[in-house]
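Novice: Pasting in a structure now, in structure tokens, and then I'll have a few things to ask.
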Amino acid sequence: AQSVAQPEDQVNVAEGNPLTVKCTYSVSGNPYLFWYVQYPNRGLQFLLKYITGDNLVKGSYGFEAEFNKSQTSFHLKKPSALVSDSALYFCAVRVTTDSWGKLQFGAGTQVVVTP
Amino acid sequence: NAGVTQTPKFQVLKTGQSMTLQCAQDMNHEYMSWYRQDPGMGLRLIHYSVGAGITDQGEVPNGYNVSRSTTEDFPLRLLSAAPSQTSVYFCASSLTGTSNQPQHFGDGTRLSIL
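Quick note, the sequences are listed as chains E and P, same order.
Residue numbers for the first sequence follow the working numbering, so the first one is 338 and each next one is one higher.
Residue numbers for the second sequence follow the working numbering, so the first one is 28 and each next one is one higher.
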């Protein structure tokens with residue numbers, strides 16, 4: 338069975354400082370990994386994905402994520418956080434053998450960026 | 028191009044009532060799905076569909092029915108509402124069910140069962 342863990346319920350960071358949101362996964366096969374962001378009263382928006390190839394993936398709004406197979410991690414990063422980055426962030430995984438595309442989500446991490 | 032549209036945005040029901048949450052997409056996506064979002068639990072898959080006429084159960088299907096008569100629409104039916112079904116419901120779609128494709132989400136339906 339596949340699972341995703343986001344160990345931090347909330348991450349607090351000052352504007353301009355680096356932001357990291359952690360994600361670890363467990364799958365019986367090769368993973369496809371995703372990050373989504375949710376703003377208040379809105380649906381989830383796709384940020385970036387890892388399919389194969391380069392372990393550093395760049396996505397929307399200046400975010401990037403690093404895939405680490407040995408540590409089974411896919412941490413989301415941004416070099417300089419903005420107040421507008423305050424939102425709920427979800428990591429999600431699919432196994433490559435799952436042709437029906439079922440996503441397994443983590444519990445989410447609330448990011449709070451203070452001015 | 029509206030993307031994924033969910034109606035209603037808010038709904039309050041009494042225990043035992045039934046209702047249908049509507050979901051429509053205008054992107055000609057084959058794959059559609061329903062999730063519920065509860066605090067501290069992320070999103071959990073209720074039902075999904077890989078094309079018109081084809082549906083299957085997700086992680087938490089009990090108490091819910093779906094059908095897919097057209098590519099565009101994927102309604103979710105609550106047969107007899109229970110307080111445990113109080114949640115935020117999201118519909119999502121992707122071009123196909125291929126595992127490497129991201130999903131597009133609607134803005135959700137906030138449902139309270141009294």
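By construction, the Cβ of each residue, glycine as well, lies at the ideal position given by its N, Cα and C atoms.
Assuming contact is defined by CB atoms lying nearer than 8 Å, are G69(P) and F371(E) in contact in what I supplied?
Specialist: No, Cβ-Cβ distance for G69(P) and F371(E) is not below 8 Å.
Novice: Should I140(P) be labelled buried (16 or more other beta-carbon atoms within 10 Å of its own) or exposed?
Specialist: Answer is buried; the Cβ neighbour count reaches 16.
Novice: At 3 residues or longer, what runs of the beta strand (DSSP E) sit wholly inside the region 358-411 of chain E?
Specialist: Listed in chain order, the complete beta strand (DSSP E) runs (minimum 3 residues) inside the region 358-411 of chain E are 361-363, 368-375, 381-387, 393-395, 401-405.
Novice: Starting from the C-beta of V350(E), find all residues in its chain whose C-beta is less than 6 Å away, skip the five residues before and the five after it, and write them out in chain order.
Specialist: For V350(E), where only same-chain residues beyond five positions count, the Cβ hits under 6 Å are L356, A418, V450.
Novice: Can you grab the Cα-Cα spacing for the pair V348(E) / C360(E), in whole Å?
Specialist: Using only the alpha carbons, I get a separation of about 13 Å.
Novice: For K439(E), which residues in the same chain have their Cβ closer than 8 Å to its Cβ, ignoring the five residues on either side in sequence?
Specialist: Correct list, in chain order: R431.
Novice: Between the C-alpha atoms of P102(P) and G30(P), what's the straight-line distance to the nearest angstrom?
Specialist: Looking at the two C-alpha atoms, the distance is approximately 16 Å.
Novice: If we call anything under 8 Å between Cβ atoms a contact, is Q44(P) one with Q33(P)?
Specialist: Not closer than 8 Å, so no.
Novice: In angstroms, rounded to a whole number, what distance separates the CA positions of N367(E) and G90(P)?
Specialist: The straight-line gap from Cα to Cα measures roughly 33 Å.
Novice: Considering just the uninterrupted stretch of the beta strand (DSSP E) at M59(P), what are its terminal residues?
Specialist: It spans 58-64 - the beta strand (DSSP E) in which M59(P) sits, taken as one unbroken run.
Novice: Judging by CA-CA distance, which residue of R379(E), Y376(E), Y398(E) is the nearest neighbour of L385(E)?
Specialist: Of the candidates R379(E), Y376(E), Y398(E), the one whose C-alpha sits nearest the C-alpha of L385(E) is Y398(E).
Novice: F411(E) to T123(P), Cα distance in whole Å?
Specialist: Rounded to whole angstroms, F411(E) to T123(P) spans 24 Å at the Cα level.
Novice: Within the chosen definition, does the region 74-92 of chain P reach the region 34-43 of chain P through at least 3 CB pairs nearer than 8 Å?
Specialist: Because the criterion of three Cβ pairs below 8 Å is not met, the region 74-92 of chain P and the region 34-43 of chain P do not touch.
Novice: Where does the unbroken beta strand (DSSP E) through R104(P) begin, and where does it stop?
Specialist: Residues 103-105.
Novice: Below 6 Å CB to CB, which residues in the same chain sit around M59(P) once its five sequence neighbours on both sides are set aside?
Specialist: Excluding positions up to five away in sequence, the list reads S76, F101, S120.
Novice: When you compare the CB positions of L381(E) and F400(E), do they come within less than 8 Å of one another, or not?
Specialist: Not in contact: L381(E) and F400(E) (Cβ atoms no closer than 8 Å).
Novice: Identify each residue in the region 32-66 of chain P for which the Cβ-Cβ distance to at least one residue of chain E is less than 7 Å, and report them in chain order.
Specialist: So the close ones are Y58.
Novice: If you measure beta-carbon to beta-carbon, which residues of the region 125-136 of chain P are closer than 9 Å to chain E?
Specialist: Result list: T125, S126, N127, Q128, P129, Q130, H131, F132, G133, D134, G135.
Novice: Are the CB atoms of A79(P) and R95(P) nearer to each other than 8 Å?
Specialist: In this structure, R95(P) lies closer than 8 Å to A79(P) by Cβ.
Novice: Output yes if chain E places a C-beta closer than 8 Å to the C-beta of L122(P); else output no.
Specialist: With 8 Å as the cut-off, L122(P) does not count as an interface residue toward chain E.
Novice: Pick from V364(E), Y369(E), P344(E), E352(E): whose alpha carbon is nearest that of T125(P)?
Specialist: Measuring from the Cα of T125(P), the nearest candidate turns out to be Y369(E).
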